[in-house]
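*Asks:*
Chains as they are written, first to last, in the UniProt record's numbering: chain C, 1 to 308; chain S, 1 to 308.
(1) What three-state label does DSSP hand residue 158 of chain S in the structure shown?
(2) Starting from residue 182 of chain C, trace the beta strand (DSSP E) in both directions and tell me its first and last residue.
(3) Please list, in chain order, all residues of the same chain as residue 252 of chain S whose beta carbon is under 8 Å from its beta carbon, the five residues on each side excluded.
(4) Taking the alpha-carbon of residue 230 of chain C as reference, which of C/197, C/218 and C/220 has the nearest alpha-carbon?
(5) For residue 15 of chain C, count neighbouring Cβ atoms within 10 angstroms of its own Cβ and tell me buried if that reaches 16, exposed if not.
(6) In chain order, what are the residue ranges of uninterrupted beta strand (DSSP E) at least 3 long that sit wholly in the stretch 161-247 of chain S?
(7) I believe residue 223 of chain C touches residue 204 of chain C by the beta-carbon criterion, under 8 Å. Please report the beta-carbon distance rounded to the nearest angstrom.
(8) Write down the C-beta distance between residue 219 of chain S and residue 189 of chain C rounded to the nearest angstrom, noting that I regard them as a contact closer than 8 Å.
(9) Specify whether the stretch 119-126 of chain S and the stretch 91-108 of chain S touch according to this definition: at least 3 beta carbon pairs, one from each stretch, less than 8 Å apart.
(10) Which residues bound the alpha helix (DSSP H) around residue 282 of chain C?
(11) Below 7 Å between beta carbons: does that hold for residue 22 of chain C and residue 57 of chain C?
(12) Nearest-angstrom Cα distance between residue 25 of chain C and residue 137 of chain C?
(13) Can the beta-carbon of residue 18 of chain S be found closer than 7 Å to that of residue 68 of chain S?
(14) Beta-carbon separation of residue 28 of chain C and residue 3 of chain C under 7 Å?
(15) Which residues mark the beginning and the end of the alpha helix (DSSP H) in which residue 120 of chain S is found?
(16) Classify residue 268 of chain C: buried if its beta carbon has 16 or more other beta carbons within 10 angstroms, exposed otherwise.
(17) Counting only beta-carbon atoms, is residue 275 of chain S nearer than 7 Å to chain C?
(18) Could you tell me the distance, in whole angstroms, from the CA atom of residue 228 of chain C to the CA atom of residue 133 of chain C?
(19) Would you say residue 92 of chain C lies against chain S (beta-carbon separation less than 7 Å)?
(20) What did DSSP end up calling residue 96 of chain C once you bin it into helix, strand or coil?
(21) Cβ closer than 9 Å: which chain S residues qualify as neighbours of residue 225 of chain C?
(22) Suppose you measure from the CA of residue 146 of chain C to the CA of residue 61 of chain C; what does that come to, to the nearest Å?
(23) Leaving out five residues before and five after residue 201 of chain C in sequence, what residues of the same chain have Cβ atoms less than 7 Å from its Cβ?
(24) Closest Cβ-Cβ distance between residue 6 of chain S and chain C: below 7 Å?
(25) Spatial neighbours of residue 299 of chain C within its chain, please: C-beta separation below 8 Å, excluding the five flanking residues on both sides.
(26) Looking at chain C, is there any beta carbon in it that lies within less than 7 Å of the beta carbon of residue 234 of chain S?
(27) Using a C-beta to C-beta distance shorter than 8 Å, which residues of chain S count as neighbours of residue 190 of chain C?
(28) Taking the alpha helix (DSSP H) that residue 7 of chain S falls in, what are its first and last residues?
(29) Using DSSP with H/G/I as helix, E/B as strand and the rest coil, what is residue 16 of chain S?
(30) Distance, Cα to Cα, residue 246 of chain C vs residue 211 of chain C?
(31) In terms of residue numbering, what span does the alpha helix (DSSP H) encompassing residue 149 of chain S cover?
(32) Leaving out five residues on either side along the sequence, give the residues of the same chain with a beta carbon under 6 Å from the beta carbon of residue 52 of chain C.
(33) Please compile the residues from chain C whose C-beta is within a distance smaller than 7 Å of the C-beta of residue 285 of chain S.
(34) Would you mind stating whether residue 216 of chain C and residue 288 of chain S have Cβ atoms separated by less than 7 Å?
(35) How would you label residue 172 of chain C, buried or exposed, when you count the other beta carbons within 10 angstroms and need 16 or more for buried?
(36) For the stretch 6-22 of chain C, list every residue whose C-beta sits within 9 Å of some C-beta in chain S, in sequence order.
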């Protein structure tokens, strides 16, 4: 038992998985949920996830030892303002947002000093959303990044450690990081890939010479992987790009520069430059496979095809 | 039995899979292989794929009813020149290259008029390469695009139909298309996705503020899918970009324009524009899933994570 009472604000894929994982690990006793959607609340009641299901954030957080905000990034501030008056002194408050600098600012401004604010980001998910999409194993062997304040107070450090223990108990690997650095790292490993995927799928949809039916039919040659990424939740991703603007534009600027150079190399037939880049990127993939982040096994061509 | 004697020139993933699939389907009796690599030839002998294994292309094609060129796109012309003097009159000659216009030109220039040239492209593969990577099921339910000449000669049309029957017999769906249209469709569904993936992995590798270890560690948020694509064979891909230059640069130009607009929308905080695009791309994904091109099932967060 780490937190006797857990409150989850926003019960989509991540919120519901947090509840199921915490219950499975036996680290919480009571669970309260607040969700703005009446339809979600009915689903949550039917699924039996929580002891209390409400549309009122203050009601949900009352008496909670851990409060997890799992709403879109730009909804965090309003949710925190609704929660603030009802928070138990000494409660730990965290979130699961994909951007940490903006969320840290929004939560800091809204919450009382008596709460221990420890922003967090579990790097886990599927392309599904909603309460019914949750499952207890979502965080198993996935990274959870915590971005605590630069504060040396013993009680605060203890609250950070307890939250790290909570995520470890549900199977995650926990890392601590400065919020600004988190936002830069994620701009590279997640935000730019999503932006590029959304963009290429949009470009393909607007072509006149190639039909959408053809694009879908021959998508096994690489495009299909992009469509999967570009099927992610629109609200969540709009908020991410608007709140991590500086890091995303910085990385996007570098990407675009590199792409111009690559375009020029193709136009001028500079095969050596292409070969050098393609060899270098292959080595990076091998590093990921060697680090055990993904299997090197062939997929037997069934669900994707790398040959163009 | 469709072709009594099959000759495969270049025995990597696609070449070896073609042999294994044809043998499994019982549509060939004898198989000859030519491969420029002594190491590959030893492997092919040890694997028992062929009745004849040689480094001499003319020796391999002698007496063959179907000749399949499975070498990188820019090596097709030279391979065809070596084969030309030894080709049996009435033999069908095809290839598996990812670009069809340039290959059609190179093969047409090299081959005698007595051969039936029917360029082809199986959209199938894995990120593995080499003779040992081949397997008989590679083409099962995958598309093979044939780009025959605009020729109404009965004997030619019969040769095209026989080649279509060959690919159908190994489990593929066969489509016929104009070579230039093929190159534009594949520029969208395969060549641009690969170029983008190579580029983003290169950009990430060159960052000073984020370490490669961090990029690999947190790659589950989208980046990892790109590294898989960017691990494809460097020679093959260099050749594709150099020989399908016009279509790739055309599609890349549109992609870049769209990306600039997206970048501007982020900079100016135009959330509605982002939301509209992200909603539209999600619908395209649903079209692919609905068409049965890929399962909609969640992956339980084990091998990839779409939550950022």
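From the three backbone atoms N, C-alpha and C, an ideal C-beta is built for every residue, glycine too.
*Replies:* Let me lay it out:
(1) Mapped onto the second chain, residue 158 of chain S falls at position 158. Here residue 158 of chain S sits in helix by DSSP.
(2) Translated into the one-based positions of the first chain, residue 182 of chain C becomes position 182. Note, residue 182 of chain C: premise wrong, no beta strand (DSSP E); alpha helix (DSSP H) at 179-186.
(3) Along the second chain, one-based indexing puts residue 252 of chain S at 252. Close CB contacts of residue 252 of chain S within its chain, under the 8 Å cut and outside five residues either way in sequence, are with 192 and 195 (chain order).
(4) If you number the first chain from 1, residue 230 of chain C lands on position 230. The shortest C-alpha separation from residue 230 of chain C is found at C/197.
(5) Counting from 1 along the first chain, the entry for residue 15 of chain C is found at position 15. Label assigned to residue 15 of chain C: buried.
(6) Entirely contained in the stretch 161-247 of chain S, the beta strand (DSSP E) runs reaching 3 residues are, in chain order, 173-176.
(7) Counting from one through the first chain, the residue named residue 223 of chain C turns up at place 223. Counting from one through the first chain, the residue named residue 204 of chain C turns up at place 204. Contact flag correct, Cβ pair sits at about 7 Å.
(8) If you number the second chain from 1, residue 219 of chain S lands on position 219. If you number the first chain from 1, residue 189 of chain C lands on position 189. The beta-carbon distance between residue 219 of chain S and residue 189 of chain C, rounded to whole angstroms, is 5 Å. This is short enough to meet the 8 Å contact definition.
(9) Segment contact: the stretch 119-126 of chain S against the stretch 91-108 of chain S, three or more CB-CB distances shorter than 8 Å; contact assigned.
(10) Here residue 282 of chain C is taken as the residue at index 282 of the first chain, counted from 1. Looking at the DSSP string, the run of the alpha helix (DSSP H) that includes residue 282 of chain C is 271-290.
(11) By one-based count along the first chain, residue 22 of chain C stands at place 22. By one-based count along the first chain, residue 57 of chain C stands at place 57. No, Cβ-Cβ distance for residue 22 of chain C and residue 57 of chain C is not below 7 Å.
(12) For the purposes of this step, residue 25 of chain C is taken as the residue at position 25 of the first chain. For the purposes of this step, residue 137 of chain C is taken as the residue at position 137 of the first chain. The alpha-carbon of residue 25 of chain C is positioned some 10 Å away from that of residue 137 of chain C.
(13) Position 18 of the second chain, counted from the start, is the residue given in the question as residue 18 of chain S. Position 68 of the second chain, counted from the start, is the residue given in the question as residue 68 of chain S. Yes, Cβ-Cβ distance for residue 18 of chain S and residue 68 of chain S is below 7 Å.
(14) Taking the first chain and counting its residues from 1, one reaches residue 28 of chain C at position 28. Taking the first chain and counting its residues from 1, one reaches residue 3 of chain C at position 3. Yes, Cβ-Cβ distance for residue 28 of chain C and residue 3 of chain C is below 7 Å.
(15) Locating residue 120 of chain S in the second chain gives position 120, counting from the first residue. Boundaries around residue 120 of chain S are those of the beta strand (DSSP E), 120-122, since no alpha helix (DSSP H) includes it.
(16) Counting from 1 along the first chain, the entry for residue 268 of chain C is found at position 268. Label assigned to residue 268 of chain C: exposed.
(17) Counting from 1 along the second chain, the entry for residue 275 of chain S is found at position 275. So yes, residue 275 of chain S belongs to the interface.
(18) Looking up residue 228 of chain C in the first chain gives position 228. Looking up residue 133 of chain C in the first chain gives position 133. Each residue's alpha carbon lies about 17 Å from the other.
(19) By 1-based counting over the first chain, the position of residue 92 of chain C is 92. Taking 7 Å as the CB threshold, residue 92 of chain C stays off the interface with chain S.
(20) Residue numbering aside, residue 96 of chain C sits at position 96 when the first chain is read from its first letter. For residue 96 of chain C, the secondary structure class from DSSP, reduced to helix, strand or coil, is coil.
(21) Indexing the first chain from 1 puts residue 225 of chain C at position 225. Contact annotation for residue 225 of chain C against chain S: 193, 197, 225, 226, 228 and 229 [CB-CB distance below 9 Å, chain order].
(22) Taking the first chain and counting its residues from 1, one reaches residue 146 of chain C at position 146. Taking the first chain and counting its residues from 1, one reaches residue 61 of chain C at position 61. So the two alpha carbons sit approximately 21 Å from each other.
(23) Against the first chain, residue 201 of chain C aligns to sequence position 201. Residues of the same chain with a CB within less than 7 Å of the CB of residue 201 of chain C, apart from the 5 flanking positions on each side, are 226, 227 and 230 in chain order.
(24) Looking up residue 6 of chain S in the second chain gives position 6. Nearest CB-CB separation between residue 6 of chain S and chain C: not below the 7 Å threshold.
(25) Stepping through the first chain from its first residue, residue 299 of chain C is reached at position 299. Model confidence at residue 299 of chain C stands at a pLDDT of 31, short of 50, so the residue's coordinates are unreliable; what they give is reported in the following sentence. Once the five neighbours on either side are set aside, residue 299 of chain C has no close Cβ partner at all.
(26) Your numbering for residue 234 of chain S matches position 234 in the second chain. Residue 234 of chain S counts as touching chain C.
(27) The sequence position of residue 190 of chain C within the first chain is 190, counting from 1. Per Cβ cutoff of 8 Å: 218, 221, 222, 223 and 308.
(28) Residue numbering aside, residue 7 of chain S sits at position 7 when the second chain is read from its first letter. Membership of residue 7 of chain S in any alpha helix (DSSP H) is not indicated; the residue belongs instead to the beta strand (DSSP E) covering 3-9.
(29) Taking the second chain and counting its residues from 1, the one referred to as residue 16 of chain S is at position 16. In this structure, residue 16 of chain S counts as helix in the three-state DSSP scheme.
(30) Within the first chain, residue 246 of chain C is the residue found at index 246, counting from 1. Within the first chain, residue 211 of chain C is the residue found at index 211, counting from 1. If I take the Cα positions, the gap works out to 36 Å.
(31) To locate residue 149 of chain S, count along the second chain from 1; it is residue 149. It is not in any alpha helix (DSSP H) - residue 149 of chain S carries neither H nor E in the DSSP assignment.
(32) Here residue 52 of chain C refers to the residue found at position 52 when the first chain is read from its first residue. Within the same chain, residue 52 of chain C has close Cβ partners 32.
(33) Position 285 of the second chain holds residue 285 of chain S. For a Cβ distance threshold of 7 Å, residue set 227, 228, 230 and 231 of chain C lies close to residue 285 of chain S, ordered along the chain.
(34) As a first step, residue 216 of chain C must be located in the first chain, where it is residue number 216. As a first step, residue 288 of chain S must be located in the second chain, where it is residue number 288. Contact: yes.
(35) Position 172 of the first chain, counting from 1, holds the residue named residue 172 of chain C. The residue in question, residue 172 of chain C, is buried, as its Cβ has 16 or more Cβ neighbours within 10 Å.
(36) Under the 9 Å Cβ criterion, the stretch 6-22 of chain C contributes 13, 14 and 17.
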